[in-house]
Amino acid sequence: MDYEPMIEDLADEGVTSGVEAEANQPLSQPFDPSSVSISTQVVSLFNVLRRIGNNTINLSPAFQRNSVWDKTRQSLLIESMMLRIPLPMFYVAEDRNGKWEVVDGLQRLTAIHEFVKGPDNDGKGFKLKNLEFWGKNYDGKTFFELEKMEEASMTVNHILETELQFTVIKPDTSEKVKRNIFKRINTGGMRLSEQEIRHALYQGPATSLLSDLVKTRLYLDTIGATINDSRMAGRELILRFIAFGIIGYNAYKGDMDDFLSIAMACLNNEHLNSQSIEFTDSLFIPDQGTITELFLTGLDRNYAIFGEHAFRKSFGKERKTPINKSLFDVWMLHFSKLSQEQFECVENNKKAVLSEYKELLSDNEFSNAISRHSSSIAGVTHRHKIIEDLVSKYI
């Protein structure tokens, strides 16, 4: 059958990730206003710098990309403070220990800290550059040098007396709402991907495991060679496999973002204030060594059967299509859990398996289950049951 035109997820601006984009998923249910806990605070620059110094404001969040402001842009922000121009709102998420994770405004806070205190908190800040109004007076000057200039005393006071406005997302805000707030208010260039947001919110064993798996030699030699992970497209693929493995497709409730977030929380042995994880207490979470072994086994077996078309809608001598997320989670799950003896039976019937699978790729219902309806309960259940039945026929 003819598939709809394929669109790939973006890695960086103008660069594709090598992974086929999924249809946008509508909210499964509206937010409960009582689950949103947000406050607004005005904080003096002194206290902001103190918080940065004792690491209760994190300037190195896990989702931060390599793109940073140059010295001219940083200098113009400092000049705005010299001129007493109010700065835009900063947004932070507070954890239960009172630490702030910067959601929006990271580059601004970094610029202020690096000018006044220096990147290493040693007072060796950068030199101002290409100022628009004060260039003649202050270009080439550090904050330390400005403090020594009598004629700059008022300007220094303007900087130090700056008050910054923060919107603080409190820790009792529900996880789903918190992730949605991250999506809505992050304005630093290209919006964060869902996996980048998960990576920021669920730091711990889960993020370490995904980081390790995306660097494994087998992954890099197979699909990793065609996937740009700069926005964590590869890590999301791997997380889907892990999530369906530890939670199971029968427990899927129609929200892929929630499902994958639950999996990360489970890997971290965390409890989420979400009604969607009532079943997690009884889950068995394999250790990281076991998960790694299953992951590598799944990759190896898929390439043994499908070759370079593994996890793609293309087949045989056709031109390779992008990696399909749904084909990845379904084939990885059902191949990785087979015993060696069972997989050898599949491998001995490779020709029949491929023939039957080729017919599946032309089936309307299966096609929808790996494309437009890939995140629906019906789509997830259908593709997993179909592939599970196909594999079972040959073992």
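Using this note's numbering, you'd call the opening residue of the sequence shown number 238 and step up by one each time. Cβ coordinates follow ideal geometry from the N, Cα and C atoms, glycine included. No experiment lies behind these values; they were computed from the predicted model shown.
{"Check": "Counted within 10 angstroms of its Cβ, other Cβ atoms place Leu457 as buried (16 or more) or exposed", "Outcome": "exposed"}
{"Check": "Proximal residues to Ile560 (C-beta, below 8 Å), its chain only, five neighbours per side dropped", "Outcome": "Gly255, Val256, Glu257, Ile460, Thr463, Ile464, Leu474, Phe548, Arg549"}
{"Check": "Test item: CB-CB of Ala437 and Glu338 under 8 Å", "Outcome": "yes"}
{"Check": "The segment 311-328 contacting the segment 370-387, beta-carbon criterion three pairs below 8 Å", "Outcome": "yes"}
{"Check": "Complete runs of the beta strand (DSSP E) confined to the segment 292-361 [at least 3 residues]", "Outcome": "327-331, 337-341"}
{"Check": "Backbone secondary structure at Phe552 - three-state DSSP", "Outcome": "coil"}
{"Check": "6 Å CB neighbourhood of Leu181 in its chain, flanking five on each side removed", "Outcome": "Nothing can be reported for residue 181: it is not among the residues displayed for the chain, which extend from 238 to 632."}
{"Check": "Top-ranked residue by Cα proximity to Asp341, from Lys595, Lys413, Arg421, Gly360", "Outcome": "Arg421"}
{"Check": "Cβ neighbours of Asn292 in the same chain (closer than 6 Å, five flanking residues each side left out)", "Outcome": "none"}
{"Check": "Through-space distance from Ser498 to Thr410, alpha-carbon basis", "Outcome": "15 Å"}
{"Check": "Distance between beta carbons of Leu536 and Leu591, contact taken as under 8 Å", "Outcome": "Actually they do not touch by this definition, with Cβ atoms about 18 Å apart."}
{"Check": "Separation of Ile607 from Thr618, as counted between CA atoms", "Outcome": "11 Å"}
{"Check": "Spatially closest choice to Arg477 from Trp306, Ser563, Arg435, by CA coordinates", "Outcome": "Ser563"}
{"Check": "Asp466, buried or exposed, once every other Cβ within 10 Å from all chains shown has been counted against 16", "Outcome": "buried"}
{"Check": "Alpha carbon of Glu581 to alpha carbon of Ala330, nearest angstrom", "Outcome": "50 Å"}
{"Check": "Cβ distance (whole Å) where Leu504 is taken to contact Arg472 below 8 Å", "Outcome": "Going by Cβ atoms, the distance from Leu504 to Arg472 rounds to 12 Å, so no, they are not a contact pair."}
{"Check": "Buried versus exposed call for Ser513 [16 or more other C-beta atoms within 10 Å across all chains shown]", "Outcome": "With a pLDDT of 48 at Ser513, under the threshold of 50, the modelled position of that residue is not reliable, and the figure given next carries that caveat. Under this definition Ser513 is a buried residue."}
{"Check": "For Val353, the nearest candidate out of Asn295, Ala389, Lys622, Phe381 (CA to CA)", "Outcome": "Phe381"}
{"Check": "Whole-angstrom distance between Ile418 and Met493, CA atom to CA atom", "Outcome": "17 Å"}
{"Check": "Reduced DSSP category for Gly485 - H, G, I as helix; E, B as strand; rest coil", "Outcome": "coil"}
{"Check": "C-beta neighbour in chain B for Lys452, strict 8 Å", "Outcome": "Absent from the structure is chain B; it holds one protein chain and no more."}
{"Check": "When Ser317, Gly290, Ala348, Lys407 are compared against Trp306, the one with the closest alpha-carbon", "Outcome": "Ala348"}
{"Check": "Test item: CB-CB of Glu400 and Ser317 under 8 Å", "Outcome": "no"}
{"Check": "Check whether Ser576 and Gly491 have beta carbons under 8 Å apart", "Outcome": "no"}
{"Check": "Buried or exposed (CB count within 10 angstroms, at least 16 for buried), Asn358", "Outcome": "exposed"}
{"Check": "Check whether Glu584 and Ala541 have beta carbons under 8 Å apart", "Outcome": "yes"}
{"Check": "Bounding residues of the beta strand (DSSP E) (the contiguous stretch that carries Thr399)", "Outcome": "Careful: Thr399 lies outside any beta strand (DSSP E) and carries neither H nor E."}
{"Check": "Endpoints, the beta strand (DSSP E) within which Leu276 is located", "Outcome": "At residue 276 the sequence reads Ser, which differs from the Leu that was named. 275-281 is the extent of the beta strand (DSSP E) around Ser276."}
{"Check": "Reduced DSSP category for Ser612 - H, G, I as helix; E, B as strand; rest coil", "Outcome": "coil"}
{"Check": "Presumed contact (8 Å Cβ cut-off) between Pro408 and Arg333, rounded CB distance", "Outcome": "5 Å"}
{"Check": "Separation of Glu555 from Thr527, as counted between CA atoms", "Outcome": "35 Å"}
{"Check": "CA nearest to the CA of Gln402, picked from Arg288, Gly335, Ser274, Leu324", "Outcome": "Leu324"}
{"Check": "Backbone CA spacing between Trp568 and Leu320 [nearest angstrom]", "Outcome": "60 Å"}
{"Check": "For Val405, the residue or residues it bridges with in DSSP", "Outcome": "Ser276, Val329"}
{"Check": "Rounded Cβ spacing between Glu384 and Val393 (contact assumed at less than 8 Å)", "Outcome": "6 Å"}
{"Check": "Sub-8 Å separation of Ile322 and Thr404 beta-carbons", "Outcome": "no"}
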